[in-house]
Structure formats: C-alpha cells, structure tokens
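Take a look at the structure below.
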Amino acid sequence: MGAKITLKGRLGGEPTYGETREGKPWISFSLRQDHMVRSGKKLADGRDEYVDNGGFWMQVVWFSRKAEKAAEILKKGAAVVVSGDLRAEQWESKETGELQSGFKVVADEVSLDFIGLESVTYQSKEFSSAPTPRPNIGKGKSSDGAGQAGAQNRSEFPSQDFDDRDDDLPF
Numbered sequence: 001m002g003a004k005i006t007l008k009g010r011l012g013g014e015p016t017y018g019e020t021r022e023g024k025p026w027i028s029f030s031l032r033q034d035h036m037v038r039s040g041k042k043l044a045d046g047r048d049e050y051v052d053n054g055g056f057w058m059q060v061v062w063f064s065r066k067a068e069k070a071a072e073i074l075k076k077g078a079a080v081v082v083s084g085d086l087r088a089e090q091w092e093s094k095e096t097g098e099l100q101s102g103f104k105v106v107a108d109e110v111s112l113d114f115i116g117l118e119s120v121t122y123q124s125k126e127f128s129s130a131p132t133p134r135p136n137i138g139k140g141k142s143s144d145g146a147g148q149a150g151a152q153n154r155s156e157f158p159s160q161d162f163d164d165r166d167d168d169l170p171f
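Just so we're aligned: the sequence shown equals residues 1 to 171 in full-length UniProt numbering.
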C-alpha cells in the first residue's frame with residue numbers, strides 16, 4: 001500500500017481498457033497535473049494571472065466495475081479527479097535493459113472534474129430505457145466530435161423549461 005493521493009488533471013491520451021484474468025475490468029491512462037502559480041501580472045479585468053510552473057505526468061490504473069463505462073466516457077483532454085494509492089515501481093527498460101523507477105496511482109475513485117465541462121448531452125440508446133450521459137468538453141463541441149450537428153436525438157440538461165417544483169411528490 002502506498003501513500004494516499006488526490007490528483008486533478010487532464011487525460012494525456014485515450015484511456016486503455018482491459019480485464020484481468022479473473023474478468024475484473026480495469027482502465028489505465030496518463031494524467032497531467034498542472035502546477036499553476038501567480039505570474040505577478042494582472043489580467044485586463046484586474047484578476048491575477050496564473051502560469052503553469054512545471055506540472056507533472058502520472059500513470060493511473062483503476063480496477064473497478066465502473067471502468068468499462070469510464071473508458072467510453074473519458075477521452076483525451078477530459079478533466080478528472082483521481083484518488084488512490086501512490087506506488088513506486090521499478091522496471092527494466094525495453095530499449096536499454098537498465099533498471100528504471102517511477103510512480104503510478106492505483107485509483108480508488110475516478111470522477112469528472114466539472115471545471116472544463118460546458119454541458120452534458122444525453123443520447124438515447126436503441127435498447128436502453130435510460131439515456132447515456134456524454135460530457136461535452138469545450139465550447140459547442142460534443143465529446144464525439146460531432147459538434148452541434150445531429151442534435152435532433154439529444155437533449156441538453158438542464159432544459160430551459162425544466163419544472164423543478166416538487167409539490168406532486170408523495171412525501
């Protein structure tokens with residue numbers, strides 16, 4: 001068991017999905033955590049300017065029944081929060097044969113960081129009674145790259161005409 005750690009960052013590439021010999025799903029991805037510091041300058045609106053002062057990359061592996069769904073939703077650039085055990089590892093380099101060392105996180109939990117999320121689009125499946133959430137990362141782009149085109153089968157949440165009155169609830 002390693003030290004407990006929580007990281008906030010963005011995926012550096014598409015995640016890798018697999019299953020153990022016992023059939024337990026897992027997902028693996030690289031995560032970039034920025035180290036933002038004040039630059040000493042002010043923005044036009046008077047707020048402090050922040051610059052990246054050398055963040056770091058971390059390899060993450062998550063063994064969970066949620067991993068299969070996460071592999072569908074998480075894409076390169078997705079903002080996530082990862083909590084888990086920080087572990088030191090050693091391996092032999094394939095190129096040089098030398099012993100190398102580094103760290104990885106064996107995640108207990110992985111969740112979306114809503115900081116970069118503009119909206120969530122629900123896309124119905126043909127044989128599913130529940131819509132599947134699809135995060136839209138960035139302005140006006142869906143996570144599948146389709147943009148706003150093809151939105152006829154999707155509904156944005158929350159809707160402008162959403163009725164949140166709970167006067168008809170039985171309790």
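Don't be surprised by glycine CBs; every beta carbon is placed ideally from N, CA and C.
For residue i, the residue or residues it bridges with in DSSP
i	result
Asp108	Answer by DSSP bridge pairing: none, since Asp108 is not bridged.
Leu7	Val82
Ile27	Tyr17, Trp62
Arg87	Lys104
Lys42	Asp48
Glu92	Leu99
Phe114	DSSP lists no partner for Phe114.
Contacts around residue i, its chain only, beta-carbon distance under 6 Å, and the 5 residues preceding and following it disregarded
i	result
Thr6	Ser83
Lys139	Residue confidence for Lys139 is low, a pLDDT of 41 falling below 50, so the modelled location carries little weight; the figure read from the coordinates is stated next. Excluding positions up to five away in sequence, the list reads Glu118.
Lys41	Glu49
Rounded C-alpha distance that separates residue i from residue j
i	j	result
Asp34	Gly97	31 Å
Phe63	Asp52	31 Å
Phe101	Ala44	A small correction: the amino acid at residue 101 is Ser; Phe does not occupy that position in the sequence shown. If you take the alpha carbons of Ser101 and Ala44, they lie about 44 Å apart.
Met36	Leu86	22 Å
Lys69	Arg47	39 Å
Thr121	Ala3	37 Å
Glu72	Ile115	20 Å
Glu14	Glu22	24 Å
Lys76	Phe29	9 Å
Chain-order list of residues whose beta-carbon lies under 7 Å from that of residue i (same chain, five-residue window excluded)
i	result
Arg32	Gly9, Arg10, Gly12, Gly55, Trp57
Pro39	Per the sequence presented here, residue 39 reads as Ser, with Pro not at that position. If we look at Ser39 and ignore the five residues flanking it on each side, its Cβ neighbours are Glu49, Tyr50, Val51.
Spatial neighbours of residue i in its chain, beta-carbon cut-off 8 Å, leaving aside the 5 residues before and after
i	result
Trp26	Tyr17, Gly18, Glu19, Thr20, Val61, Trp62, Phe63, Ser64, Ala67
Val80	Lys8, Gly9, Arg10, Leu11, Leu31, Leu74, Val110, Ser111, Leu112, Asp113
Burial state of residue i, where buried means 16 or more other Cβ atoms lie within 10 Å
i	result
Val105	buried
Ala78	buried
Rounded distance between the beta-carbons of residue j and residue i, thought under 8 Å
i	j	result
Leu99	Glu92	6 Å
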